[in-house]
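Trainee: I am attaching a structure below and will ask some questions about it afterwards.
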Amino acid sequence: MTQLAVFTGDIVKSSDLDAATLDAVFATLRAGAEQIGGWSGATAPFARFRGDGWQMALPPRDALRGALVLRARVRSEGAETRIGIGIGDARLTGTDLAAAEGPAFVTSGHSLDTLKRSLLMQAPDGPLSIALPLADRIARTWTPKQAQTIAALLDPAPPTQEALGATLNRSKQMIQKQAEAAGIDALHAACAAYEAQW
Numbered sequence: 096m097t098q099l100a101v102f103t104g105d106i107v108k109s110s111d112l113d114a115a116t117l118d119a120v121f122a123t124l125r126a127g128a129e130q131i132g133g134w135s136g137a138t139a140p141f142a143r144f145r146g147d148g149w150q151m152a153l154p155p156r157d158a159l160r161g162a163l164v165l166r167a168r169v170r171s172e173g174a175e176t177r178i179g180i181g182i183g184d185a186r187l188t189g190t191d192l193a194a195a196e197g198p199a200f201v202t203s204g205h206s207l208d209t210l211k212r213s214l215l216m217q218a219p220d221g222p223l224s225i226a227l228p229l230a231d232r233i234a235r236t237w238t239p240k241q242a243q244t245i246a247a248l249l250d251p252a253p254p255t256q257e258a259l260g261a262t263l264n265r266s267k268q269m270i271q272k273q274a275e276a277a278g279i280d281a282l283h284a285a286c287a288a289y290e291a292q293w
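Numbering (the numbering used here), first residue to last: 96 to 293.
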């Protein structure tokens with residue numbers, strides 16, 4: 096077995112979303128998994144299940160940054176996702192999450208099942224359990240455009256604000272304003288502190 100961070104999630108109030116919107120949410124989650132997988136050169140397998148549920152596996156070092164990027168991507172579509180995280184031993188054959196097993200998968204599912212109504216992200220213990228409630232509080236304030244900006248700028252090798260502005264058809268000044276309003280500096284500091292322990 097190897098150490099993995101396992102995310103188990105679902106889409107908040109998915110029954111209120113039309114099929115096209117829900118499909119767009121899952122497309123951006125899948126794109127987020129590809130983005131995260133590129134950070135360490137490892138894959139971040141992603142799977143959708145039970146209509147509005149999903150699961151992903153990634154290196155433990157990327158857990159906080161990854162959770163924030165996925166929250167940002169979903170919020171950019173005007174929706175929300177809940178995320179339960181488990182970190183520990185896991186057995187994964189290729190990218191097939193359906194056949195995966197291990198304590199990290201059990202813990203992740205339990206974290207989602209026991210998530211308090213006041214939170215959208217949870218890990219049972221360790222530094223991640225301390226950081227997630229604060230990160231969740233910040234993420235809840237993001238507008239869709241701020242979330243779009245954050246999803247790109249939280250990348251370990253982010254684009255310049257000028258380049259991101261060109262991609263999103265916004266001025267560099269607008270990107271800077273959105274990033275600051277979304278708490279980018281505090282989020283970078285928290286991610287760096289969390290990642291330093293790995």
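Note that CB positions come from ideal geometry on N, CA and C, so glycine has one too.
#1: Specify whether the region 169 to 185 and the region 193 to 205 touch according to this definition: at least 3 beta carbon pairs, one from each stretch, less than 8 Å apart.
#2: To which residues of the same chain is alanine 162 closer than 6 Å at the C-beta, ignoring the five residues directly before and after it?
#3: Can you tell me which of the three DSSP states glycine 132 falls into?
#4: For glutamine 243, which residues of its own chain have a beta-carbon under 7 Å away from its beta-carbon, when the five flanking residues on both sides are left out?
#5: In the DSSP assignment, what are the bridge partners of arginine 186?
#6: Name the two residues that bound the continuous beta strand (DSSP E) containing threonine 103.
#7: Tell me where the alpha helix (DSSP H) around leucine 214 begins and ends.
#8: Flag this pair as yes or no: are the beta carbons of serine 203 and isoleucine 225 separated by less than 8 Å?
#9: Helix, strand or coil, according to DSSP, for glutamine 243 in the structure here?
#10: When you compare only the Cα positions, how much space is there between alanine 114 and phenylalanine 141?
#11: Cβ of leucine 347 within 8 Å of Cβ of alanine 230?
#12: Tell me whether the beta-carbon of glycine 104 lies closer than 8 Å to the beta-carbon of leucine 249.
#13: Count the other CB atoms within 10 Å of the CB of phenylalanine 102; is the residue buried (16 or more) or exposed (fewer)?
#14: Relative to the alpha-carbon of leucine 223, which residue among Gln98, Ala174 and Tyr289 has its alpha-carbon at the smallest distance?
#15: Got a sec? Which residues, its chain only, sit under 8 Å from serine 135 by beta carbon, not counting five neighbours each side?
#16: Would you kindly work out how many angstroms separate the C-alpha atoms of methionine 269 and valine 169, rounded to a whole number?
#17: By Cβ distance, which residues of its chain are closer than 6 Å to cysteine 286, with the 5 residues on each side in sequence left out?
Mentor: On the basis of the data shown:
#1: Short answer: they touch.
#2: So the list reads Ile178 and Met216, once near-sequence residues are dropped.
#3: Three-state result, glycine 132: helix.
#4: Counting only Cβ-Cβ distances below 7 Å, and skipping sequence neighbours, we find Ser171 and Leu263.
#5: In the DSSP assignment, arginine 186 forms a beta bridge with Glu196.
#6: According to the DSSP assignment, threonine 103 belongs to the beta strand (DSSP E) that extends over 97 to 106.
#7: Counting along the chain, leucine 214 falls outside any alpha helix (DSSP H), and DSSP gives it neither H nor E.
#8: Contact flag unset, no.
#9: Under the three-state reduction of DSSP output, glutamine 243 falls in the helix class.
#10: Roughly 20 Å separates the two Cα atoms.
#11: Missing from the structure shown is residue 347; the chain here goes from 96 to 293 and no further.
#12: If you check the CB distance, glycine 104 and leucine 249 do not come in under 8 Å.
#13: Classification for phenylalanine 102: buried.
#14: Selected option, being the one with the closest Cα: Tyr289.
#15: Answer for serine 135: Pro154, Arg156 and Asp157, listed in chain order.
#16: If you take the alpha carbons of methionine 269 and valine 169, they lie about 21 Å apart.
#17: Contacts found: Leu159 and Arg160.
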